[in-house]
Ligand code: SF4
């Protein structure tokens, strides 16, 4: 498994409850979250491009997200809020803590991705 992660997926992971674009996609995402949580010290590399989560997504069109501009905006906002740079390597645990502290607990999650089709799940928590 490659260790690329789109920065905004650090937010999606916090709210995952088994829903997604297809059954294949949600099974795959659940497996990735379990694997990362089982080894939180593992390094991930933050990339603003399709990543391990995108692999099984029906919106992944030959390696390019069909909502590329929108998700790029989310990714860049997460990097900025967490004071991180694209290409940076960081442990899964450190990245998760930054997303929690700087975005979710800071109350700016919906400013970043409030126009996502799954926002109703994250807004309810
Ligand atoms: S391809 Fe796009 S919609 Fe699908 S998981 Fe990746 S970023 Fe999200």
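In my numbering, the protein residues as written are 48 to 172.
Just so you know, even glycine gets a beta-carbon here, dropped at the ideal spot from N, CA and C.
For clarity, every value in this text was computed on a predicted model and none was experimentally measured.
Cβ-based neighbour list, residue i, same chain, cut-off 6 Å, excluding 5 preceding and 5 following
i	result
residue 103	71, 72, 75
residue 125	54, 55
residue 145	129
Under the three-state DSSP convention, the category residue i falls into
i	result
residue 133	coil
residue 170	helix
residue 157	helix
Same chain, Cβ closer than 8 Å to residue i, five either side skipped, listed in chain order
i	result
residue 94	51, 52, 53, 133, 134
residue 138	87, 88, 89, 90, 91
residue 114	106
residue 77	63, 65
Distance, residue j Cα to residue i Cα
i	j	result
residue 141	residue 151	15 Å
residue 49	residue 157	29 Å
residue 155	residue 98	24 Å
residue 171	residue 165	11 Å
residue 65	residue 167	14 Å
Any C-beta of chain B under 8 Å from that of residue i
i	result
residue 56	The chain labelled as chain B is not found in the depicted structure, where only one protein chain is given.
heavy atom of the ligand HEM below 7 Å from residue i C-beta
i	result
residue 78	Only the ligand SF4 can be found as ligands here, which leaves the ligand HEM out of the picture.
Same chain, Cβ closer than 7 Å to residue i, neighbours up to 5 away in sequence not counted
i	result
residue 79	99, 100
In chain order, what residues place their C-beta within less than 6 Å of a heavy atom belonging to the ligand SF4?
-> 53, 97, 100, 101, 104, 106, 107, 112, 114, 118
Ordered list of alpha helix (DSSP H) runs contained in the region 56-113, each at least 4 residues | 56-62, 70-85
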